[in-house]
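**Q**
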Amino acid sequence: MTRWLTEPVPRGRVAAFRTLVYLFVAADLVFFTPWIRTRVSVPGSLYEPLFVGRILPLPTPTPALVSMVFWLLLGVSLLAASGRLPRLLGWSVFLLYFEWMIIAMSYGKVDHDRFALLVALAVLPTAGRARHGDATRTEAGGWALRVTQIAVICTYFLAAWAKLRFGGLDWLTGSVLARAIIRRGTELADLIAAVPYLLIVAQIGIVAFELLSPVVLVLRERWRLAMVGFFYSFHAVTMATITISFAPHLVAMAAFLPLERVRPVHRLRRLVGADRRGPGTDDGASAPVAEQSLAVAGDDRGTAPSVRPG
Amino acid sequence: METLTTRGRALRLGATALGLALLLAGTVWGSDDHFPFGPFRMYATSNPPNEPAPDTRVEGVDSDGALVDLDQNATGIRRAEIEGQQSWYVAEPERLREVADAYADRHPDAPALAEVRIVIRWHGITDGRPTGTYHDETVVQWQAGTP
Chain A
1 MTRWLTEPVP
11 RGRVAAFRTL
21 VYLFVAADLV
31 FFTPWIRTRV
41 SVPGSLYEPL
51 FVGRILPLPT
61 PTPALVSMVF
71 WLLLGVSLLA
81 ASGRLPRLLG
91 WSVFLLYFEW
101 MIIAMSYGKV
111 DHDRFALLVA
121 LAVLPTAGRA
131 RHGDATRTEA
141 GGWALRVTQI
151 AVICTYFLAA
161 WAKLRFGGLD
171 WLTGSVLARA
181 IIRRGTELAD
191 LIAAVPYLLI
201 VAQIGIVAFE
211 LLSPVVLVLR
221 ERWRLAMVGF
231 FYSFHAVTMA
241 TITISFAPHL
251 VAMAAFLPLE
261 RVRPVHRLRR
271 LVGADRRGPG
281 TDDGASAPVA
291 EQSLAVAGDD
301 RGTAPSVRPG
Chain B
311 METLTTRGRA
321 LRLGATALGL
331 ALLLAGTVWG
341 SDDHFPFGPF
351 RMYATSNPPN
361 EPAPDTRVEG
371 VDSDGALVDL
381 DQNATGIRRA
391 EIEGQQSWYV
401 AEPERLREVA
411 DAYADRHPDA
421 PALAEVRIVI
431 RWHGITDGRP
441 TGTYHDETVV
451 QWQAGTP
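Line order of the protein sequences matches chains A and B.
1 is the number of the first residue of the first sequence in the numbering used here; add one for each residue after it.
311 is the number of the first residue of the second sequence in the numbering used here; add one for each residue after it.
#1: Using C-beta distances below 8 Å, list every residue in its chain close to Asp381 of chain B, excluding the 5 sequence neighbours before and after it, in chain order.
#2: Could you tell me if Gly311 of chain A is buried or exposed, where buried requires 16 or more neighbouring beta carbons within 10 angstroms of its beta carbon?
#3: Against chain B, does Phe94 of chain A count as a neighbour if the rule is that its beta carbon must be under 8 Å from one of theirs?
#4: Spatial neighbours of Ala424 of chain B within its chain, please: CB distance less than 7 Å, with the 5 preceding and 5 following residues excluded, ordered by chain position.
#5: Would you call the CB atoms of Pro486 of chain B and Ile181 of chain A closer than 8 Å?
#6: So which residues of chain B does Pro8 of chain A contact, with C-beta pairs closer than 9 Å?
#7: Using CA atoms only, rank isn't needed, just tell me which of B:Gln451, B:Ala335 and B:Arg317 is closest to Ala401 of chain B.
#8: Counting pairs of beta carbons, one from the stretch 76-93 of chain A and one from the stretch 15-31 of chain A, are three or more of them closer than 8 Å?
#9: I want to know whether the stretch 249-267 of chain A touches the stretch 126-138 of chain A - three or more CB-CB distances under 8 Å.
#10: Pop quiz: Ala162 of chain A and Pro421 of chain B are said to be a contact at Cβ under 8 Å. What is the actual Cβ separation, rounded to whole angstroms?
#11: Taking three-plus beta-carbon pairs below 8 Å as touching, is the stretch 166-180 of chain A in contact with the stretch 216-236 of chain A?
#12: Whole beta strand (DSSP E) runs in the stretch 361-397 of chain B with 3 or more residues, listed along the chain?
#13: Please state whether the Cβ-Cβ distance between Val449 of chain B and Ile430 of chain B is less than 8 Å.
#14: Compute the Euclidean distance between the alpha carbons of Thr138 of chain A and Ala120 of chain A, then round it to the nearest angstrom.
#15: Once you ignore the five residues that flank Gly438 of chain B on each side, which residues in its own chain have a CB closer than 6 Å to its CB?
#16: I'd like to know if Pro196 of chain A contacts chain B, where contact means its C-beta is closer than 8 Å to some C-beta of that chain.
#17: Do the CB positions of Thr337 of chain B and Leu158 of chain A come within less than 8 Å of each other?
#18: Output needed in chain order: residues of the stretch 153-171 of chain A with a Cβ under 7 Å from some Cβ in chain B.
#19: Roughly how many angstroms lie between the CA atoms of Phe256 of chain A and Glu221 of chain A, to the nearest whole one?
#20: The alpha helix (DSSP H) with Val237 of chain A in it runs from where to where?
#21: Contact between the stretch 330-347 of chain B and the stretch 24-35 of chain A: three or more CB pairs below 8 Å?
#22: Could you spell out where the beta strand (DSSP E) holding Leu145 of chain A opens and where it closes?
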């Protein structure tokens, strides 16, 4: 069990996941949940702090506080995305983002799409230094990715539990999807809603998939990736029908993927390098071979700068 | 390979167990208040197959008599937040003044709001499918000049 929990992964995977997560935090601030910033103009009397906000001596958000957390978090998360000072910057991002979330969720509505992202932010600082492309395996990094995966699966499995707790078995045959479509459905959703009983079949399917989701943790890599692909496609359909993105959860779910193979900056650099060498270079054909030989030569260590997102 | 010390391993095992225990407790007994360990109750409430569905909106009438949509973009207050605190607005309609103030802050040049109201559009549902019919219900309103 402990061995599985700390199964080593390449440092490059930790580095890529770290960059992805911290870049998302910055993007979340600016693009995904810009309404949190509008707290500046929401009256302080609407603030009803959560349990955690009541036990910790956190101030009622003022325009100054919201602005300060916003800009500080934006700066620190971008720095952290570079992979530098993983502990200092990592813990700073975690604490600031947590406060940001308390501000966001203390006005009468709590979102449920970011538990796994919060877990990722809490454990990434413990993974230590990790460089992009480094194939050395690390148990500390393995644990960080594993518990993020567990948090992703808990979000599914315990969501089914919550449906049984709050909705009961009637949830399966009720009208929850019809409601969601009325409130925020797209034209595609209206088409689906027109088919008799399809929404009820979908409700049963959702609970079945949520209850079965822990299986992904014990599958071999090929099937595991296929199942994670299914999870992503589920969210694509959710987005296309009832416009719920669950973006933070989707980012955390990348902890399942062999991210060390995705290296856009590295690729771009090699392409630019190839261009400089002249028109005779056939990138399409020679790239995989060149990539292999570079990897063997340990191109990624030594003089490579540490700022290499992706 | 970079391995963990016995202590590092034990600490991580303990942290994992503690986190799981908190999350499980939150799912079984907790509420949204226990964020981030509360239950994942998105769309968890059950609605009977023939129960009408509410679509809540906040709207206002400005001093020129024009209808103003007071959505999240207009006030910074999310619809789900209005719904979460709806009973509180119904009990104290003058609280809607805060919505008018939030709108005024964001639209300093717009005419002031003379009235703010929360309206629920009830959409008909039959056999778990929308019927396409609806009716509006004003659950609470506040008029400028009233206390």
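Beta carbons are placed, not taken as given, at the ideal position from N, Cα and C, and that holds for glycine.
**A** The relevant details are as follows:
#1: The residues are Arg367, Val368 and Arg389.
#2: Residue 311 of chain A lies beyond the range of chain A shown here (1 to 310); nothing can be said about it.
#3: no
#4: In the same chain as Ala424 of chain B, and ignoring 5 residues on each side of it, the C-beta atoms closer than 7 Å to its own belong to Val371, Asp372, Ser373, Gln453 and Ala454, in chain order.
#5: Shown here, chain B extends from 311 to 457; a query on residue 486 of chain B therefore has no answer.
#6: Near Pro8 of chain A (Cβ distances below 9 Å), the residues of chain B are Met311, Glu312 and Thr313.
#7: B:Gln451
#8: yes
#9: These segments touch.
#10: Cβ-Cβ separation between Ala162 of chain A and Pro421 of chain B: approximately 45 Å, too far for a contact (criterion under 8 Å).
#11: no
#12: Counting only unbroken stretches of 3 or more residues, the beta strand (DSSP E) elements lying wholly within the stretch 361-397 of chain B are 363-372 and 377-379, in sequence order.
#13: yes
#14: 16 Å
#15: Around Gly438 of chain B: Pro359.
#16: yes
#17: yes
#18: Hits within the stretch, in order: Cys154, Thr155, Leu158, Ala159, Trp161, Ala162, Lys163, Arg165, Phe166, Gly167, Gly168, Asp170 and Trp171.
#19: 9 Å
#20: Glu221 to Ile242
#21: no
#22: It is not in any beta strand (DSSP E) - Leu145 of chain A instead sits in the alpha helix (DSSP H) that spans Glu139 to Ala162.
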